[in-house]
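Here is the structure we will look at, set down as structure tokens.
Protein chains: 2
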Amino acid sequence: MAVNDARPLRADARRNREKVMVAARAAFTEHGEKATLDDIARRAGVGPGTLYRHFADRETLLAEVYRHDIEGLAERGRALSEQYPPGEAFAEFLRMEFDYIKAKRGLGTAVKQMLGTGSSTLIECKGVMRDAIGDLLGRAQEAGAIRKEVEPDDVLRLVHGVVMATESAPDMADRLLGFVLDGLRPPA
Amino acid sequence: MAVNDARPLRADARRNREKVMVAARAAFTEHGEKATLDDIARRAGVGPGTLYRHFADRETLLAEVYRHDIEGLAERGRALSEQYPPGEAFAEFLRMEFDYIKAKRGLGTAVKQMLGTGSSTLIECKGVMRDAIGDLLGRAQEAGAIRKEVEPDDVLRLVHGVVMATESAPDMADRLLGFVLDGLRPPA
DNA sequence: CGACAACCGGAGATACTCTCCGCTTAGCTC
DNA sequence: GAGCTAAGCGGAGAGTATCTCCGGTTGTCG
Chain A
1 MAVNDARPLR ADARRNREKV MVAARAAFTE HGEKATLDDI ARRAGVGPGT
51 LYRHFADRET LLAEVYRHDI EGLAERGRAL SEQYPPGEAF AEFLRMEFDY
101 IKAKRGLGTA VKQMLGTGSS TLIECKGVMR DAIGDLLGRA QEAGAIRKEV
151 EPDDVLRLVH GVVMATESAP DMADRLLGFV LDGLRPPA
Chain B
1 MAVNDARPLR ADARRNREKV MVAARAAFTE HGEKATLDDI ARRAGVGPGT
51 LYRHFADRET LLAEVYRHDI EGLAERGRAL SEQYPPGEAF AEFLRMEFDY
101 IKAKRGLGTA VKQMLGTGSS TLIECKGVMR DAIGDLLGRA QEAGAIRKEV
151 EPDDVLRLVH GVVMATESAP DMADRLLGFV LDGLRPPA
């Protein structure tokens, strides 16, 4: 729906969709994940009806904003693997993912809750992240920096977990991420 | 409020408060953290007004239910330290905490979100857990099973994180918890 | 038992999500 | 550029959840 229709959106519709996305990103960043949709519509200068035609419900909107960000993250991840040695690149990527979710107060938690509902957009996001992590992880493993039995999903979840657990205490983030990374390294 | 008032509650009020707690625990376990409060009141056989006099809002109620459970957990934790050797007791406690939050679908996430709001009940919970963990952690550290620089707060947050991250995939829980525990052990 | 404070409960104020539909306008055709 | 058509707009409002207020009721104490 609204994602891949036969004919392209009319110009005004496309504009409005974009305005809503921008307003939504701002609102979610500012008020946490529970910004009201009517308010987002108002900020965007469109009626609630317009917002809801483009995004079926609050979760869809949230997921769409998230998807956009995730794709940017994965992109930067690919760049990392060319700038750093394998082990470093991996650790650096985790820190990056980290900073992102940290900047988005509560968004991570909200997204996590939605994963249970089976949103197709989020499943897509997960795939994108899994690929990005999988690549870096594979290299790190070949280089002997990370245990062989660790899988991309493990990393995905661990990072998410640490992020969520430190949303209210960002200072601890690096420290905890460090412990987790140690747990992924091969035994000396 | 309603926690430590000068005079004790009237008998009927006390009864109602208890009925609401029971209904709330059932509802939260059954419908996840978003069971409606009016529904809880109905189940408990009281009016919404009564519910809201005892528990200022949804978060307060959730926190109160949580507190009750946490105290039980901490109690069981103390028992563990007498049944197992230090390192084992510690690991076993984490698994226990784990199973509890897992059983409570989504409650962990909800509680976590509230930590940011500074609920006094939850701060108390955290204190209780920190003490329980601190004790087991201290013994494990003395026995050389866990690194010296690990602090109770680290453990608290890591476990919470893993729990939240595996709410939608409980099968991975043990595995991830294992990685985290490895990260807390002294380097070989 | 009588009086009074504590407590009850439900009607309803408020707020939010999401829908429906009459009006507007972009974009194609001639 | 004028007219036609369907895509799109936006706001009124239905549905629902949270939380409040207050007239009536009931426990408790002298």
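So the protein sequences, as listed, match chains A and B. Residue 107 in full-length UniProt numbering sits at position 107 of the first sequence; the count goes up by one each step and never skips. Residue 79 in full-length UniProt numbering sits at position 79 of the second sequence; the count goes up by one each step and never skips. Just so you know, even glycine gets a beta-carbon here, dropped at the ideal spot from N, CA and C. All values reported here derive from a predicted model rather than from experimental measurement.
In the DSSP assignment, residue 19 of chain B falls within the alpha helix (DSSP H) that extends over 11 to 31.
Cβ proximity to chain B below 9 Å picks out 164, 165, 166, 167, 168, 169, 172, 175 and 176 from the stretch 164 to 176 of chain A. For residue 98 of chain B, the uninterrupted alpha helix (DSSP H) run begins and ends at 86 to 103, by DSSP.
For residue 103 of chain A, the closest C-alpha among the options A/141, A/60 and A/173 is that of A/173. Among the residues facing chain A, residue 187 of chain B is included, as its CB has a counterpart in that chain under 8 Å away.
The distance from the Cβ of residue 97 of chain A to that of residue 159 of chain A is about 6 Å, consistent with a contact at the 8 Å cut-off. Residue range 120 to 142 is occupied by the alpha helix (DSSP H) that includes residue 126 of chain A. Residue burial annotation: residue 187 of chain A is exposed, with fewer than 16 other C-beta atoms found within 10 angstroms of its C-beta.
The beta carbon of residue 166 of chain A is closer than 8 Å to those of 102, 172, 173 and 176 in its chain, skipping five residues each way along the sequence. Taking all protein chains in view, the Cβ of residue 33 of chain A is crowded by 16 or more other Cβ atoms within 10 Å, so the residue is classified as buried. Residue 57 of chain B carries a coil assignment under DSSP once its states are collapsed to helix, strand and coil. By the neighbour-count definition (other C-beta atoms within 10 Å, threshold 16), residue 120 of chain B is an exposed residue. Counting along the chain, residue 153 of chain A sits inside the alpha helix (DSSP H) bounded by residues 152 to 165. Minimum Cα-Cα distance from residue 45 of chain A among the listed residues A/150, A/83 and A/18 corresponds to A/18.
Judged by beta-carbon spacing, residue 48 of chain B lies beyond the 8 Å limit of residue 56 of chain B, meaning their Cβ atoms are not closer than that value. When secondary structure is reduced to three states using DSSP, residue 67 of chain B falls in the helix class. Annotated as distal: residue 154 of chain B and residue 28 of chain A, with beta-carbon spacing of 8 Å or more.
A distance of 8 Å or more separates the beta carbons of residue 112 of chain B and residue 117 of chain A. Under the three-state reduction of DSSP output, residue 175 of chain A falls in the helix class.
In the three-state scheme derived from DSSP, where H, G and I count as helix and E and B as strand, residue 36 of chain B is classed as coil. Per DSSP, reduced to three states, the secondary structure at residue 109 of chain B is helical. Sequence-distant partners of residue 156 of chain B (beyond 5 residues in either direction) whose C-beta falls short of 8 Å from its own C-beta, in its chain, are 126, 129, 130 and 133.
Within the stretch 102 to 118 of chain B, contact with chain A at the beta-carbon level (separation under 8 Å) is assigned to 106, 109, 112, 113, 115 and 116. Within chain B, the residues whose beta carbon sits less than 9 Å from that of residue 158 of chain A are 161, 162, 165, 176, 179 and 180, listed in sequence order.
Beyond the five residues adjoining it in sequence on each side, residue 61 of chain B comes within less than 6 Å, by CB distance, of 24 and 55 in the same chain, given in chain order. Residues of chain B with a Cβ closer than 9 Å to the Cβ of residue 154 of chain A are, in chain order, 172, 175, 176 and 179. Residue contact with chain A for residue 184 of chain B: present (Cβ-Cβ distance below 8 Å to some residue of chain A). In this structure, B/82 is the residue among B/38, B/36, B/82 and B/185 with its C-alpha nearest to the C-alpha of residue 135 of chain B.
A straight-line Cα-Cα distance of about 21 Å links residue 122 of chain A and residue 95 of chain A. By the C-beta density criterion, residue 8 of chain A is exposed, having fewer than 16 other C-beta atoms within 10 angstroms.
With respect to residue 64 of chain A, residue 21 of chain A sits close: the two C-beta atoms are nearer than 8 Å.
Counting of Cβ neighbours within 10 angstroms places residue 79 of chain A among the exposed residues, the total staying below 16. By the CB criterion at 8 Å, residue 146 of chain B and residue 90 of chain B fall inside the cutoff. Cβ-Cβ distances below 7 Å link residue 124 of chain A to 67 in the same chain, with the five nearest sequence neighbours on each side left out; the list follows chain order.
Of the other Cβ atoms in all chains shown, 16 or more fall within 10 Å of the Cβ of residue 161 of chain B; this residue is therefore buried. Residues of the same chain with their beta carbon placed closer than 6 Å to that of residue 30 of chain A are lacking, with the five preceding and five following residues left out of the count.
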